Structures are given as C-alpha cells and as structure tokens.
Amino acid sequence: MAGETPLTVAGNLVSDPELRFLQNGTAMAKFTIASTPRTFDRESGQYKDGEPLFMNCTAWRDLAENVAGSLTKGTRVVVQGRLRQSRWENEQGEKRSAYGLDVDEIGPSLKFAQAKVTRTSRSKASDGFSPAQAPDDAWNTATPAEQEPPF
C-alpha cells in the first residue's frame, strides 16, 4: 500500500507465538523476534554480537494460525511486513510510542536448518483473496524436468 514502510527482518523467536481469536472470530498471532547483528573483530579474530533489536510482530487470519502451528521459541525466521507505530499516553500523561511489524510473509530461515513445507488446504475463501473453488494447482502435480549434469 502507498505510504507504508516495508521491512524484512531475520532473527529468532523469543517465545512461542501467542494465538488469539478476536470476538468476530479473526485469528491473530503475536510474537517477538530478536535480531542481533554480528561482526568479525579482526584484532581478536572472533565474532562479536552487537545490540539486539526486538521486533514485536502481529500476523492475522490463516497466516496467524499457520505461524502458531509451525513455529516455536528459538526458531530462526525471515519476516516481511509493514512497519507501524503505536502511540499512547501512560497513566502519568506522558506520551509513548513503539514500533511493530504487521506481518505479510514469514518462514523459517534455512541458513542453519532444513524445513519441510506442508501446504494447507482451504475450505472457503473467507479472506477475500482466493476463489471459493480454486482451480487445480499445476505446480502441485508437475513432474520435475530432466536435468543435465552440471559438467
């Protein structure tokens, strides 16, 4: 959307995602990612961790349910979403603000792990983004093409 700030963050989940359902039945998952920069110190010959960034994230609807059912504390993930700022006043009347990420895409990082993807099936088009009767997925039934050796 115009005027929004897209952001991609790679880091580890601080705790298991917390799945909730709003009164209207909409699923919402909240979780925090810790992303710590790491640099190589030539003098000591070792890597050193920088200041961690803790990013509060919110996923909605099917994505929220998939996140809660797939990811756990400590999992390294790559998250893409829209940066948002929340503003409020505390009990003393001081103005406060915090940044968070409304998640559009998330997946496990394959830098230090392997993952097996299981496709979920949809029974209805409740989010308005896919047709109620989705056509057959050609990628799901396609056979791999013969590959020639690299040499």
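All residue numbers for the sequence shown refer to my numbering, where the first residue is 1 and numbers rise by one.
All C-beta atoms in this analysis are idealised placements derived from N, C-alpha and C, irrespective of residue type, glycine included.
Quick caveat, the model's predicted, so the values are computed rather than measured.
- Taking all protein chains shown into account, LEU13 has 16 or more neighbouring C-beta atoms within 10 Å of its C-beta and is therefore buried.
- Of the residues ASP102, ASP41, VAL67 and ASN24, the one whose Cα lies closest to the Cα of ASN56 is ASP102.
- In its chain, beyond the 5 residues on either side, THR120 have a beta carbon closer than 7 Å to the beta carbon of ASN66.
- In this structure, the straight-line span from the alpha carbon of ILE33 to that of GLU18 is close to 13 Å.
- The stretch 38-47 and the stretch 73-83 do not touch, with fewer than 3 CB-CB distances between them shorter than 8 Å.
- Note: SER86 is bridge-paired with ALA98 in the DSSP secondary-structure output.
- For ALA113, the three-state secondary structure derived from DSSP is coil.
- DSSP lists PHE21 as the bridge partner or partners of ALA27.
- Bounds of the beta strand (DSSP E) holding ASP49 are 46-49.
- ALA113 counts as exposed, since fewer than 16 other C-beta atoms from the protein chains shown sit within 10 angstroms of its C-beta.
- The continuous stretches of alpha helix (DSSP H) do not include ARG119, and DSSP gives it neither H nor E.
- Burial of PHE31 is indicated by the presence of at least 16 other C-beta atoms within 10 angstroms of its C-beta.
- If you draw a 10 Å sphere on the C-beta of LEU22, you find fewer than 16 other C-beta atoms in it, and that means exposed.
- CA-CA distance, PRO52 to TRP60, rounds to 26 Å.
- In this structure, the alpha-carbon of PRO37 lies about 16 Å from that of SER109.
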